[in-house]
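Data first, discussion second: the structure below is written as structure tokens.
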Amino acid sequence: MTRILQADAAAIAEAATILRRGGLVAFPTETVYGLGAVALDEVAVRRIFAAKGRPANHPLIVHVQSSDGIESLCARWPPAAALLAQRFWPGPLTLVLPRTAAVPAAVSGGGPTVAVRAPRHPVAQALLVAVGAPLAAPSANRYQTLSPTTAAHVAASLGDEVELILDGGACAAGIESTVVDLSDLRPRLLRPGAVSLSSLRELLPDLIVAAPAPEPDAPHASPGLDPRHYAPHAELRVLPRAQLLATLASATQRVGVLALGPIAAGTATVEVLAADPDAYAHGLYAALHRLDARCSLILAEAVPDGEAWLAVSDRLRRASHR
Ligand code: TXA
Ligand code: MG
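Have a look at this one:
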């Protein structure tokens, strides 16, 4: 049986002991819960892939306390990395750089780079201090399913695959970190996330933003960019409000509605999220988890166009990909 412990000092110490002997611990970050293992322990890292059912070529993010000692993981740390880390770390920004030989190939999905981030959540920080080593941690959910923003979400998705879950309450951002590739000449956005594009551009005016909708069979720069990801079990369709209401009227399934404001949805289960990108992101996965538990079809109201909504619209598009 997996155990869920309130993340106090004793629980964090126990979690560190489990991690140091090669076990898996789920822990809260400011974005989503992570499924952690000691990053330089290749056997432990392989357990993450097995627990998630994740393909071996999908690389993991390595979590560090800060950029101190980052040379042990990253073979290069260009000025742009230093600048971004100084501005956004600890926080929800992940940087991809060439890796050193110390980083097990398993962490990097066999590739030449490593993704690093210093999380801001006090429990994640305390755990990194207690373990005294970097932690590889993908989101603590089964491959391609909804990301977890509470300890209960982790338990429901991973069950006994994880030895201990540290409960730190609901995650503040509620959406994953922004991933920026600095391994090439020009910085490139690999995944929109909790750090906004506009705040990144202040420091990286030449940032390349990847095409929003990769073709289903095209090769991906980052395997996490697979078109289907972050998805509920229910079918999810994203529609403008008028079309949503028309679809709702003719639906025969148990329907859930994810709306941007009050909506007359009859007998459907309704979740209303704020029409603000940060507030929407904060509530998105929790709302989808609740709808997924009750419905076989989820109709999500299309969110506004525009860069401020990029991370949210990216997750909705992937969640609706079949
Ligand atoms: O907010 C987050 O980033 C959460 C918390 C736990 O930190 N973690 C997370 O991990 O979302 P995961 O494994 O679910 O997603 C990692 C993303 C994927 O899109 C993956 O492809 C990309 O980061 N990534 C990791 N290493 C990479 C690398 N070496 N090169 C390119 N992309 C990489
Ligand atoms: Mg994930």
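Per the numbering used here, the sequence shown starts with residue 97, numbered consecutively.
Quick reminder that beta carbons are idealized off the backbone N, C-alpha and C, glycines included.
Exercise. Using 6 Å as the cut-off, classify the Cβ of residue 234 as near or not near the heavy atoms of the ligand PLP, replying yes or no.
Key: Absence of the ligand PLP from the depicted structure is noted, with the ligand TXA and the ligand MG being the only ligands included.
Self-check item: residue 178 versus residue 375 - alpha carbon distance
Solution: Rounded to the nearest angstrom, the two C-alpha atoms are 29 Å apart.
Exercise. Identify every residue that forms a DSSP beta bridge with residue 393.
Key: 331, 351
Self-check item: Within 7 Å, strictly: CB atoms of residue 128 and residue 203
Solution: no
Quiz prompt | Neighbourhood of residue 264 by C-beta distance below 6 Å, restricted to the same chain and skipping five residues each side | solution = 103, 124, 219
Self-check item: Three-state secondary structure assigned by DSSP to residue 316
Solution: Residue placement at residue 316 is flagged as unreliable, the pLDDT there being 48, under the threshold of 50; a coordinate-derived value is accordingly withheld.
Quiz item: Name the DSSP beta bridge partners of residue 204, please?
Solution: For residue 204, which the question treats as bridged, DSSP gives no partner whatsoever.
Quiz prompt | CA-to-CA distance, residue 97 to residue 256, given in whole angstroms | solution = Distance from the CA atom of residue 256 to the CA atom of residue 97, rounded to whole angstroms, is 5 Å.
Quiz item: Are there 16 or more other CB atoms within 10 angstroms of the CB of residue 311, so buried, or fewer, so exposed?
Solution: Low confidence applies to residue 311: its pLDDT is 45, below 50, so where it sits in the model is not reliable enough to give any reading.
Quiz prompt | Under the three-state DSSP convention, the category residue 259 falls into | solution = coil
Self-check item: Proximity winner among 273, 193, 111, relative to residue 282 (alpha-carbon distances)
Solution: 193
Quiz prompt | residue 85 (DSSP reduced to helix, strand or coil) | solution = Nothing about residue 85 can be reported from this structure: the residues present for the chain run from 97 to 418 only.
Quiz prompt | Contacting residues, own chain, Cβ-Cβ under 8 Å from residue 357 (five flanking each side not counted) | solution = Excluding residues up to 5 positions away in sequence, 368, 371 lie with their Cβ nearer than 8 Å to the Cβ of residue 357 in the same chain.
Quiz item: How many whole angstroms separate the CB atoms of residue 111 and residue 242, which I take to be in contact at a CB cut-off of 8 Å?
Solution: Your pair residue 111 and residue 242 does not check out as a contact, with CB atoms roughly 24 Å apart and the cut at 8 Å.
Self-check item: Given 8 Å, three or more beta-carbon pairs between the stretch 336 to 345 and the stretch 229 to 240
Solution: With a cut-off of 8 Å on Cβ pairs, the stretch 336 to 345 is not in contact with the stretch 229 to 240, counting fewer than three such pairs.
Quiz item: How far does the alpha helix (DSSP H) with residue 220 in it reach, from first residue to last?
Solution: 218 to 227
Quiz item: Would you say residue 365 faces chain D, with C-beta separation under 7 Å as the test?
Solution: Absent from the structure is chain D; it holds one protein chain and no more.
Self-check item: Which of helix, strand or coil DSSP assigns to residue 126
Solution: If DSSP states are grouped into helix, strand and coil, residue 126 belongs with coil.
Quiz item: Is the beta carbon of residue 134 sitting closer than 7 Å to the one on residue 120?
Solution: no
Quiz prompt | Sufficient close CB pairs (3 or more, under 8 Å) joining the stretch 286 to 300 to the stretch 150 to 164 | solution = The answer is no - the stretch 150 to 164 does not touch the stretch 286 to 300, with fewer than three Cβ pairs under 8 Å.
Practice problem: Evaluate residue 149 with the Cβ neighbour count: other Cβ atoms within 10 Å of its Cβ, from every protein chain shown; 16 or more gives buried, anything less gives exposed. | Solution: Taking a 10 Å sphere around the C-beta of residue 149, we find fewer than 16 other C-beta atoms and assign the residue as exposed.
Quiz prompt | Heavy atom of the ligand TXA within 6 Å of residue 286 beta-carbon | solution = yes
Quiz item: Is residue 272 near the ligand TXA, with its Cβ less than 6 Å from a heavy atom?
Solution: Here the distance from the Cβ of residue 272 to the nearest heavy atom of the ligand TXA is below 6 Å.
Quiz item: Where residue 387 and residue 304 are concerned, what is the direct C-alpha to C-alpha distance, given to the nearest angstrom?
Solution: 35 Å
Practice problem: Please report how far the alpha carbon of residue 417 lies from the alpha carbon of residue 411, in whole angstroms. | Solution: 10 Å
Quiz item: Do you know how far the Cα of residue 363 is from the Cα of residue 382?
Solution: Our two residues, residue 382 and residue 363, have alpha carbons roughly 21 Å apart in a direct line.
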